[in-house]
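S.K.: Dropping the structure in here first, questions after.
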Amino acid sequence: MLRKLYDWVIAYSAKPSAPWALALVSFAESSVFPIPPDVLQVPMTLARPERAWRYALIATIASVLGGLVGYAIGALLYESVGKFLIDLYGYGQKADAFREAYDHYGHWVILLKGITPIPYKLVTITSGFAHYNIWWFLALSIITRGARFFLLAGLLHYFGPMAREFIEKRLGLVTFGLAAVVVLGFVVALYVM
90 MLRKLYDWVI AYSAKPSAPW ALALVSFAES SVFPIPPDVL QVPMTLARPE RAWRYALIAT
150 IASVLGGLVG YAIGALLYES VGKFLIDLYG YGQKADAFRE AYDHYGHWVI LLKGITPIPY
210 KLVTITSGFA HYNIWWFLAL SIITRGARFF LLAGLLHYFG PMAREFIEKR LGLVTFGLAA
270 VVVLGFVVAL YVM
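Heads up: the sequence shown begins at 90 in this note's numbering, then just goes up one per residue.
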């Protein structure tokens, strides 16, 4: 099953609609969706390494725009939508502590959590909820999301052929590792934030 899914994503990467799918996942991940855009960016970049930087730019722009939606959810709709999403991911009791952290370390919270596997939607929604300065939020989001996606693009561009061979030989192990990173991000956010 994993092999079919992987092969489908690799084949899909050649289609003109692939960048739109990456943009959609990147946008949604920053506000409501639990799956990180890496699951598309990695195979798309491995299939089309000459487009590594383009895919990173698409993921960055879409993620930042989605982050603005997450910010708006936190600022304008926290009691209805924002609280529901935070509770859905199991972080409801941490929201007030996270908001207090913004009073002292807001910029560091965005920079550090935006590049880690911690779900970025928690940062975006809580930034709006904390009424963190939207211009600083936007600037820091561009920096941190850009760093994450362009670093990944650089690694894949440089190590692409070796990475593709490794992934294709050990697809189950790689999938388990990616799932573990996503779960670890949720656990860290739940117990460290």
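C-beta: ideal position from N, C-alpha, C; glycine also.
1. Would the beta-carbon of K210 fall within 8 Å of that of V153?
2. First and last residue of the alpha helix (DSSP H) that includes K75?
3. How would you write the range of the alpha helix (DSSP H) that G156 sits in, first residue to last?
4. Just curious, the alpha helix (DSSP H) that A117 is in, first and last residue?
5. In terms of alpha-carbon separation, which member of Y101, L135 and V198 lies closest to M251?
6. State the start and end residues of the unbroken alpha helix (DSSP H) segment that holds V131.
7. Looking only at its chain, what residues have a beta carbon closer than 7 Å to the beta carbon of F226, apart from the 5 residues adjacent to it on each side?
8. Just to confirm my understanding: we take P123, look at its own chain, exclude 5 residues before and 5 after, and list those with CB closer than 6 Å. What are they?
9. Taking the C-alpha atoms as reference points, what is the distance between A219 and P208?
10. Quick check: the stretch 138-146 against the stretch 240-247, are there 3 or more CB pairs under 8 Å?
11. With DSSP as the reference, label I124 as helix, strand or coil.
12. Please report the residue range of the alpha helix (DSSP H) in which K172 lies.
M.R.: The structure says:
1. No, they are not a contact pair.
2. Residue 75 lies beyond the residue range present for the chain, which begins at 90 and ends at 282; the question has no answer from this structure.
3. First-last of the alpha helix (DSSP H) with G156: A141 to L165.
4. From DSSP, the alpha helix (DSSP H) with A117 extends over A107 to E118.
5. Put simply, of Y101, L135 and V198 the residue whose alpha carbon is nearest the alpha carbon of M251 is L135.
6. Where V131 is concerned, the enclosing alpha helix (DSSP H) stretches over D127 to A136.
7. Cβ contact annotation for F226 (same chain, cutoff 7 Å, sequence separation greater than five): Y160, I199 and S216, in chain order.
8. No residues qualify anywhere along the chain.
9. If I take the Cα positions, the gap works out to 17 Å.
10. Enough Cβ pairs lie closer than 8 Å, so yes.
11. Coil, per DSSP.
12. Taken as a continuous stretch (DSSP letters only), the alpha helix (DSSP H) holding K172 covers K172 to L177.
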